[in-house]
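Comments concern the structure below.
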Amino acid sequence: MMIAGIDEAGKGPVIGPMCIGGVKIDESKAHILKVLGVADSKKLTPKKREQLAAQIKKHADGFFVLEISPSQIDELRKIMTMNEIMVVCFAKVLEQLKPDIVYADAADVKAERFAENLRRQYAKTSPDHAKKIEIVSMHQADATYPVVSAASIIAKVRRDELIEELKKEWGMDFGSGYPSDQKTKDFLLKWGEEHHGEFPAIVRQSWKTVENIREELNRRKELNIKEELNIKEELNIKEELDKAGKK
Numbered sequence: 002m003m004i005a006g007i008d009e010a011g012k013g014p015v016i017g018p019m020c021i022g023g024v025k026i027d028e029s030k031a032h033i034l035k036v037l038g039v040a041d042s043k044k045l046t047p048k049k050r051e052q053l054a055a056q057i058k059k060h061a062d063g064f065f066v067l068e069i070s071p072s073q074i075d076e077l078r079k080i081m082t083m084n085e086i087m088v089v090c091f092a093k094v095l096e097q098l099k100p101d102i103v104y105a106d107a108a109d110v111k112a113e114r115f116a117e118n119l120r121r122q123y124a125k126t127s128p129d130h131a132k133k134i135e136i137v138s139m140h141q142a143d144a145t146y147p148v149v150s151a152a153s154i155i156a157k158v159r160r161d162e163l164i165e166e167l168k169k170e171w172g173m174d175f176g177s178g179y180p181s182d183q184k185t186k187d188f189l190l191k192w193g194e195e196h197h198g199e200f201p202a203i204v205r206q207s208w209k210t211v212e213n214i215r216e217e218l219n220r221r222k223e224l225n226i227k228e229e230l231n232i233k234e235e236l237n238i239k240e241e242l243d244k245a246g247k248k
């Protein structure tokens, strides 16, 4: 029996792509993942993740990483919620693996609803298999099922690779891309100031972080205009006083 795990990396960042990883392995050898020491990718060092990713791919019966660019995310968000986007993406990974059982990290406050939506979406392209497949969805599934941890690891490693490629391509270090990263925030603010509130294609334009920065830039602009007007007014008053003094 083939089992699979699906998890995401990069759902929250304001910069860079989101990656959805999927790993399929025969249940009879799934214990290998435990032996490898597969754990939640967030708790591992980048180097350890890379080492594990190579081992996971070596022992897996199938794996796939779906990459969604910032512009694709922005376009999808015009017609879907982020949770709905996750359902579509997970279903696309599922199409590539077609296991007997899939364990998915729930991208919804209600794990059961996520499983139902995933089955419904999957049925659009694989109606027969959607009826047979067992879908197990739960929160923090990567901490419970090694096969989900494995999926999380290959997704995270791929996203890290893409982020490094973007840094080289753009010739700048924008940090991790997460809104909580000060380096990322500083980069966005500096770029926004220099480009009049416009941001490059590597940035998710629909993120609240970008909206907040634009508001901050507008606020600063208004303050600068007020300061300039005050300075002009002071100069005019000074000129009038000077003229009056000369009389």
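Residue 2 is where the sequence shown starts when you use the numbering used here, and the numbers rise one by one after that. Each residue gets a CB set at the ideal place from its N, CA and C atoms; glycine is no exception. Because the structure is a prediction, the values reported are computed rather than measured.
Keeping to the same chain, check which residues put their C-beta closer than 6 Å to that of residue i; ignore five residues upstream and five downstream.
i	result
M7	Here residue 7 is Ile; the residue named in the question, Met, does not match the sequence. Around I7: G23, F91, V94, A105, A152.
P147	L34, K35, V39
S188	Correcting the residue identity first, residue 188 is Phe in this sequence and not Ser. Answer for F188: F175, listed in chain order.
Would you mind reading off the limits of the beta strand (DSSP E) that contains residue i?
i	result
Y104	102-106
L67	63-69
K25	19-27
A116	Not the beta strand (DSSP E): A116 falls in the alpha helix (DSSP H), residues 112-123.
I7	3-10
So, for residue i: in the same chain, excluding its five sequence neighbours on each side, which residues have a beta-carbon less than 7 Å away from its beta-carbon?
i	result
P18	G11, E68, I69, S70, P71, R160, L163
I136	V103, A105, A116, L119, R120
P47	D161
M139	A107, A112, T145
K49	none
Give every residue of the same chain whose Cβ lies closer than 8 Å to the Cβ of residue i, excluding the five residues on either side of it in the sequence, and list them in chain order.
i	result
I57	V24, L34, L37, V39, F64, A151, I154, I155
Q183	G176
A142	G6, D8, Y104, A105, D106, A107, V149
G13	Y179, P180
W171	P201, I203
H264	Because the chain spans 2 through 248 in this model, residue 264 falls outside it and cannot be assessed.
E96	Y123, T126, S127
Considering only the beta carbon of each residue, do residue i and residue j sit closer than 7 Å?
i	j	result
I74	F175	no
A108	M87	yes
V158	E51	yes
Quick one: is residue i buried, meaning 16 or more other Cβ sit within 10 Å of its Cβ, or exposed?
i	result
R205	buried
P100	buried
A202	exposed
W208	buried
I80	exposed
V66	buried
A54	buried
L126	Reading off the sequence, residue 126 comes out as Thr, not Leu. So T126 counts as exposed.
T185	buried
Assuming residue i contacts residue j under a Cβ cut-off of 8 Å, what Cβ separation, rounded to an integer in Å, is found between them?
i	j	result
L218	G198	5 Å
R215	G193	7 Å
So residue i is in the alpha helix (DSSP H); what residue range does that whole segment cover?
i	result
S150	147-171
E199	E199 -> no alpha helix (DSSP H), and no H or E assigned at all.
A55	47-60
A144	Note, A144: premise wrong, no alpha helix (DSSP H); not H, not E.
F91	83-98
P14	Segment: none, P14 is in no alpha helix (DSSP H) and carries neither H nor E.
V36	32-37
D129	128-133
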